[in-house]
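Numbering (this note's numbering), first residue to last: 1 to 303.
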């Protein structure tokens, strides 16, 4: 390469950086900047009336799983915090499993419809996204509350004599999150099933495989990228859910998102809230890395 060509290539690189500078500045100010503030706050001491004191402290990170006794300043296991973490992970996993159990046959049904009606079914799946999350959560609240639609119908049918106590329980939060995040499972599954070669089913049956064997050895391995993508899309927002546990849990069945809000609000422990936020970010990042790992493995294997 001649000197003129090298100079032209270097000028092209500089022009590219100059063109991307506004985007990089905005990204730094509104994405990296707030994150760095949270990181710094997690290593400071809590202020007496909120905010922070500019003194290095690991109490925020220690407070995730441990709590200090107010009388002798000794540290012990924070049972309430562990319960909140366990509830968040448990409900997120259950929500992912339920949305897959409902979403897979739904996506298969849509993908196997004629091309003319397929768009209509996808349109119906995306309709809930047209309304606010809070409105959808209150809609579920009207269905499962003590005087709601579900209990009213069951009582009139004579199936129960008194209302089912669903609202303000883990079950209510579980049902609400499954309803809210179901489309996030259906759409990736549909995209994967839509590319599935249906002739493979005939080949499996010709080789005397049962329906369960075809499902387990043919269908699921091929649509696995869609399963992983849908699981990530459901698990991640479920883990950090705030509105649904607040409305359907009644403030009693807290999850990590509500716990973080409590620390920045009534708890006035900003370092702990920051440490909890970063812990949630770490969990989400690990989940995404697992997805990337399996997605790259599928690409390398030719799926």
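Yeah, the Cβ is synthetic: ideal placement off N, Cα and C, and Gly gets one too.
Inset, instruction - For residue 48, write down the residues that DSSP places opposite it in a beta bridge. - result: Residue 48 pairs with 50.
Inset, instruction - Within 10 angstroms of the Cβ of residue 140, are there 16 or more other Cβ atoms? Answer buried if so, exposed if not. - result: The C-beta of residue 140 has 16 or more other C-beta atoms within 10 Å across all chains shown, which makes the residue buried.
Legend entry - Between the CA atoms of residue 19 and residue 4 - distance to the nearest angstrom: For the pair residue 4 and residue 19, the Cα-to-Cα distance works out to about 22 Å.
Inset, instruction - Please name the residue, chosen from 160, 133, 164, that lies closest to residue 146 on a Cα-to-Cα basis. - result: When each option's Cα is compared against that of residue 146, the closest is 164.
Inset, instruction - Throw me the rounded Cβ distance for the residue 149 and residue 143 pair, which I believe falls under 8 Å. - result: Residue 149 to residue 143, Cβ: 5 Å. Contact.
Inset, instruction - Assess, as a yes-or-no matter, whether the stretch 285–295 is touched by the stretch 117–128 under the definition of 3 or more beta carbon pairs within less than 8 Å. - result: With a cut-off of 8 Å, the stretch 285–295 and the stretch 117–128 do not count as touching, because too few Cβ pairs lie within range.
Legend entry - For residue 77, the residue or residues it bridges with in DSSP: Beta-bridge pairing links residue 77 to 66.
Inset, instruction - Leaving aside the five residues before and after residue 177 along the sequence, list all residues of the same chain whose C-beta is less than 7 Å from its C-beta, in chain order. - result: Answer for residue 177: 91, 95, 238, 241, 244, listed in chain order.
Inset, instruction - State buried or exposed for residue 12, treating a residue as buried only when at least 16 other CB atoms are found within 10 Å of its CB. - result: With fewer than 16 other Cβ atoms within 10 Å, it is exposed.
Legend entry - Between the CA atoms of residue 77 and residue 69 - distance to the nearest angstrom: Between the alpha carbons of residue 69 and residue 77 lies a distance of about 10 Å.
Legend entry - Three-state class that DSSP yields for residue 71 in the structure shown: Note: residue 71 maps to coil in three-state DSSP.
Legend entry - Contact between the stretch 186–199 and the stretch 217–235 (3+ Cβ pairs under 8 Å): These segments touch.
Inset, instruction - Just the C-alpha distance for residue 46 and residue 58, rounded to the nearest angstrom, thanks. - result: Residue 46 and residue 58 have their alpha carbons spaced roughly 10 Å apart.
Inset, instruction - Inspect the beta-carbon positions of residue 236 and residue 284 and report whether they are closer than 8 Å. - result: Yes, they are a contact pair.
Legend entry - Cβ separation of residue 172 and residue 249, assumed to be a contact under 8 Å, to the nearest whole Å: Indeed, because the Cβ distance is near 7 Å, the residues count as touching under 8 Å.
Legend entry - Residue burial classification, residue 137 (beta-carbon count within 10 angstroms, cutoff 16): The residue is buried, with at least 16 neighbouring Cβ atoms inside 10 Å.
Legend entry - Nearest-angstrom Cβ-Cβ length linking residue 253 and residue 87, presumed shorter than 8 Å: Contact holds; Cβ gap of about 7 Å.
Legend entry - Coil, strand or helix - residue 115 by DSSP: Assigned with DSSP and collapsed to three states, residue 115 falls in helix.
Inset, instruction - Can you tell me which of 100, 212, 52 puts its alpha carbon nearest to the alpha carbon of residue 40? - result: For the residues 100, 212, 52, the minimum Cα distance to residue 40 belongs to 52.
Inset, instruction - Could you name the residues of the same chain whose beta carbon sits closer than 8 Å to that of residue 184, not counting the 5 residues immediately before and after it, in chain order? - result: The beta carbon of residue 184 lies closer than 8 Å to those of 99, 230, 233, 234, 237 in the same chain, with the five residues before and after it left out.
Inset, instruction - Please report the residue range of the alpha helix (DSSP H) in which residue 42 lies. - result: Unbroken alpha helix (DSSP H) run through residue 42: 33–42.
Inset, instruction - Please confirm whether residue 103 and residue 189 have their CB atoms less than 8 Å apart. - result: The Cβ-Cβ distance between residue 103 and residue 189 falls below 8 Å.
Legend entry - Three-state class that DSSP yields for residue 56 in the structure shown: DSSP, read as helix, strand or coil, puts residue 56 in strand.
Inset, instruction - Would you kindly work out how many angstroms separate the C-alpha atoms of residue 262 and residue 15, rounded to a whole number? - result: Using only the alpha carbons, I get a separation of about 47 Å.
Inset, instruction - Kindly list the residues whose CB is nearer than 8 Å to the CB of residue 209, restricted to its own chain and excluding five residues on each side of it in sequence; keep chain order. - result: Excluding residues up to 5 positions away in sequence, 217, 218 lie with their Cβ nearer than 8 Å to the Cβ of residue 209 in the same chain.
Inset, instruction - Count the C-beta pairs between the stretch 262–282 and the stretch 26–40 that are closer than 8 Å, then say yes if the count reaches three, no if not. - result: In short, these stretches touch, since the Cβ pair count reaches three.
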